[in-house]
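Written below as structure tokens is the structure these notes are about.
Residue numbers (the working numbering), protein chains in the order written: chain A, 21 to 656; chain B, 21 to 656.
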């Protein structure tokens, strides 16, 4: 097996039901929601990350190893990973746009790392620059493999994006040292923070060098034996509570869990381990059937950044770390390729338009680390832990460059191919130019204002024989109208959520779809106690919220009347805002607890309601917000 | 001013509206709820704490300073405080019962501390036993004054209890060093964990030595200037976010906030600082009007052990630390004496019978650190942070000995005196023998099964002139029947919540009270989102809960019908258990989110319901529990 040239993230070497496209085979329309975001990432977010690598001292941490800075080590001991993720973003972005403007940054970083790297390949600016620190001596906390993983992923992305192999050489020396130190017959240990597993598989994919895959597999096989030792954070925090193949529930630190799951899925795919893949399906079900937020966010607890119990999903204290949503998106992609099951793409889309999108400001330069679904009137937003506004940077700056690397590669997740044909997984305007099953070129030109408009046009062309166009229809789209060249078709959306149309497309044809874009009320599972008596509003894949800036009534006082959902108002920018009527019921007494079976409120007064897309909240100064809105109906 | 002999906790030297009684002036009936608890504390909890001081290495931490142990320092760096609190418990218990059996433990501890204490008075087994540690160098985290504070409180309690002044001498040397190091003109600094403030005031009360009071005042005056320096926990965690006199909201680490408030109240009282006392009233209102649980627990966040925003009161992730409830109880006592306002005693009683009582097992030897109001089916109880059962001891063992010291002194909080007469603050069976305003002896003999039975008898006698008997009537007691010697009286419960009867009691008389003991539904303030659509059950001061052990239906599925509250069933032991009927509605589909405005459930089926006192939960193995029970009515 040899590497796929210019592949996007996580392109398996082994055959899988679905195959990813090359980086240059998909293009997002610059007018589309995702395309605009990718442009903003290029013009604002990536430059912001690069600037902050300097101002936060990440690059100086390398310079001091070389005697070129006399500053002390700055930031967390795993700050090198900020550089890794930013370089990965630059790698994808360069590959996508061909933009050469990052060249000097890439050279600066590669030069520093090349010179700082020890002769045997070791590279970690904290351990190398701290007299008392001993290599691999505290893997529970040190993040040495985590840092290595992000460097490896950066090198792979840069290589795929531009062919530049300077970073790849550095990363291979790091990986070779890992293999020598922790490979078969060497030390039995793993990192407290999973990440290197998926990176090693990606490096294997890019280089074809099997020992990288074997080390990734070994990390998965060893993990969960308690080799990291006891700690008051408990073994779940380190994902060391049970052997991976015996786990059945998403617990502990959510980002660590999700990175580990992505890596385990990579290993399962590349080693043909169907048993391990079945374990991953169970873990997915645990998270997505009992622990995910309606925004697609993961991890309900601030304490230990952890998953909660099943159905423990508080909207106000949702930790919902940006990195967890991104990790879940990445894991979903791997599961989609490995299984061909549309549910994974469905969840990727949910996270993308809601939890992930909400983490970046409209300016592209401010970020949420935690993404709550409610901000209360009187919230103390003075700490990084739960600010009331996105912050420019964080002491632990894992999220901003993580966003940058994801968004720079966003087009890679839009479509897949299979032995039958081409699948459109994310319904975004743009162009897909790939090959039909017979190897001949095909093209899809997708137009329409999704996710705001339900009408999509797909100009399909190419292929020398009939092939199957499959369009994933989101689960919320109960009725879809489909026509080819204006004629309604017989094909219906299958129980697998794909609309499959097999034609000879060589002469070109226009597939038209109309998805229902009614405003929808969403009810929670009855065991989600924290939002009892509330509903959420959605339209298409977009979840909405109420924000204080749009209301005279205190947001906490507003109640929705279920039969009277707010409706789209005249367009205001590209996004659709909903307006309508509800009622407000203010507290009648100040007491926290009163006799009686129901709270004491004033009688309901009609009020106007405005709901904005959740991802747009907190762009107008600090104010209260809520996704789950109490209704005037029985709670059940 | 001179010390009050054998006084209980926090007896002010300056005149206050209410005066505490001496330790030996009140006796709890051994059959009463509080009396049984105090017996259990003596027979089980205190011995358990003493045993654990050895097994957890707290005493060995001192022995190693003397070359009598070669073990490394064990436990948290503030482990000395476990010894301080246990000694305080022994002090109060010895004073109460005269039990000499603690003598050898007291001698052992005093001997170790006496010999370990540095010549200049410094005593901290962690700092003294850690080569790199420098005295007072890291007061933000070191807890050196906190440890000193608990030693001082222990010494005061032992001295008040038994007259033994050996510990007092050690504590005075510690305090004298604090005065020399941090007094006026010396170093401007305070401890990251407040505690020493109230201890210094208590030592001043016991010794009459003014510099101790001045240092306490100085600590309050200095605090909040940010002198502790920056930290990623944020200044609220250390209660260093604002000068004490400028604070208006209960925020940050709840135990630190409450200990600080108790100390500031002590300073306000002893320095006659009415302005500072007004600040304390505002802080109390902030906590008790927007942030306290219906069980009387404080601190809704596990992260940073902190208060949440106003109305952020999740029942499942309630941190509700035992020490916070105890600290609030202690602060309430100080506020009660300082103001004479019954609301403080009301909250003390709420916490005592619910949050505080729940933290100890029926065996008296297992404890909750965190006291949630809901434990979910499927809860992961594998960590100390949120176990599903009380634990025998904790890595940070602050709570068990804190309970021991409180319960050993419980009788001291039952009654007060004033210029008018005697006030019964806690309605418990027992005896009060004190003096009338004219100095002549008086006696109250209280009988009845409170808190289970609403009928109380008070045999009143003594005094040479008419004096006022005041009985605090809980706010939930809407109608109270009162008679003296069988004749209904004209006196009614005042708007200040006291029933005041002035008589010539010298010939003896029997006051009879009947409090309404109907089962009550309690509704939350409408902004307490986390329990929307739910009610809590209470009877008298006791809050109830549903526990899975009593139900066939899954606890999460049970709904209360507000008009049909469960009722007391035939007595089963001393506690009253409630039984009745409700309905169960099971989830109809597995999906976490479904279209529609209401959750999908099966149709309601009648079920039997059993509610037990909240404090008794988790004594029958791990199982689901909830205080707030969804109803079949509109949520509002």
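For every residue, glycine included, the Cβ atom is placed at its ideal position computed from N, Cα and C. Source: prediction; values computed, not measured.
Can you find a CB in chain B that lies within less than 8 Å of the CB of residue 613 of chain A?
-> yes
Same chain, Cβ closer than 8 Å to residue 504 of chain A, neighbours up to 5 away in sequence not counted = 521, 523, 529, 530, 531 and 532
Which residues mark the beginning and the end of the alpha helix (DSSP H) in which residue 658 of chain A is found?
-> Outside the shown range of chain A, which is 21 to 656, sits residue 658 of chain A, and nothing can be said about it.
Within the chosen definition, does the segment 189-196 of chain B reach the segment 164-180 of chain B through at least 3 CB pairs nearer than 8 Å?
-> yes
Cα-Cα, which of B:500, B:360 and B:290 is closest to residue 33 of chain B?
-> B:290
By how many angstroms is the C-alpha of residue 208 of chain A removed from the C-alpha of residue 156 of chain A?
-> C-alpha separation (whole angstroms): 12 Å.
Tell me whether the beta-carbon of residue 525 of chain B lies closer than 8 Å to the beta-carbon of residue 481 of chain B.
-> yes
From which residue to which residue does the alpha helix (DSSP H) around residue 66 of chain B run?
-> Under the DSSP assignment, residue 66 of chain B falls in the alpha helix (DSSP H) whose first and last residues are 66-75.
Close Cβ partners of residue 652 of chain A (< 6 Å) along its chain, the five nearest in sequence each way excluded = 579 and 581
Run through DSSP, which three-state label would residue 494 of chain B get?
-> In the structure shown, the three-state DSSP call for residue 494 of chain B is coil.
Is it true that the segment 386-400 of chain B meets the segment 637-646 of chain A, where meeting means three or more beta-carbon pairs spaced less than 8 Å apart?
-> no
For residue 266 of chain B, which of B:242, B:546, B:645 and B:80 has the nearest alpha-carbon?
-> For residue 266 of chain B, the closest C-alpha among the options B:242, B:546, B:645 and B:80 is that of B:242.
Contact under 8 Å by Cβ, residue 97 of chain A with residue 162 of chain A = yes
Please compile the residues from chain A whose C-beta is within a distance smaller than 7 Å of the C-beta of residue 555 of chain B.
-> 617
Buried/exposed call for residue 342 of chain A, threshold 16 Cβ in 10 Å | When all chains shown are included, residue 342 of chain A counts as buried.
Consult DSSP for residue 565 of chain B and reduce its assignment to one of helix, strand or coil.
-> strand
Three-state class that DSSP yields for residue 32 of chain B in the structure shown | coil
Own chain residues within Cβ distance below 8 Å of residue 43 of chain A, not counting five before or after = Cβ neighbours of residue 43 of chain A beyond the five flanking positions: 26, 27, 28, 112, 115, 116, 180, 181, 429, 431 and 432.
Member of B:123, B:136, B:644 and B:606 whose CA lies at the smallest distance from the CA of residue 394 of chain B | B:644
Straight-line gap, residue 379 of chain B to residue 388 of chain B (C-alpha atoms, nearest Å) = 5 Å
Is the CB of residue 539 of chain A under 8 Å away from at least one CB in chain B?
-> no
Three-way DSSP call (helix, strand, coil) for residue 38 of chain B in this model | coil
Leaving aside the five residues before and after residue 518 of chain B along the sequence, list all residues of the same chain whose C-beta is less than 8 Å from its C-beta, in chain order.
-> 362, 443, 490, 491, 492 and 493
Please work out which residues of its chain come closer than 6 Å, Cβ to Cβ, to residue 65 of chain A, disregarding the five sequence neighbours upstream and downstream, and give them in chain order.
-> 384 and 424
Taking only beta-carbon atoms, is residue 263 of chain B less than 8 Å away from chain A?
-> no
Please classify residue 418 of chain B: does DSSP put it in a helix, a strand, or coil?
-> coil
Kindly indicate which three-state DSSP category residue 325 of chain B falls into: helix, strand or coil?
-> helix
May I have the straight-line CA-CA distance separating residue 128 of chain A from residue 109 of chain A, to the nearest angstrom?
-> Approximately 16 Å between the Cα atoms of the pair.
Could you give the uninterrupted runs of the beta strand (DSSP E) lying entirely in the segment 366-432 of chain A, keeping only those of 3 residues or more?
-> none
May I have a chain-ordered list of the alpha helix (DSSP H) segments no shorter than 4 residues that lie completely inside the segment 203-288 of chain A?
-> 216-227 and 230-242
Expressed to the nearest angstrom, what Euclidean distance is found between the alpha-carbon atoms of residue 165 of chain A and residue 102 of chain A?
-> One C-alpha to the other measures close to 14 Å.
Starting from the Cα of residue 49 of chain A, find the closest Cα among A:452, A:601, A:513 and A:602 and give me that residue.
-> A:452
Measuring alpha carbon to alpha carbon, tell me which of A:406, A:169 and A:90 ends up nearest residue 105 of chain A.
-> A:169
Can you give me the start and stop residues for the beta strand (DSSP E) that residue 559 of chain A sits inside?
-> 554-559 is the extent of the beta strand (DSSP E) around residue 559 of chain A.
Taking the alpha carbon of residue 377 of chain A as the point to measure from, which residue in A:419, A:407, A:353 and A:355 has its own alpha carbon closest?
-> A:419
Under the criterion of a Cβ to heavy atom distance below 7 Å, does residue 576 of chain B qualify as lining the ligand MN?
-> Here there are no bound small molecules, and the ligand MN is not part of this structure.
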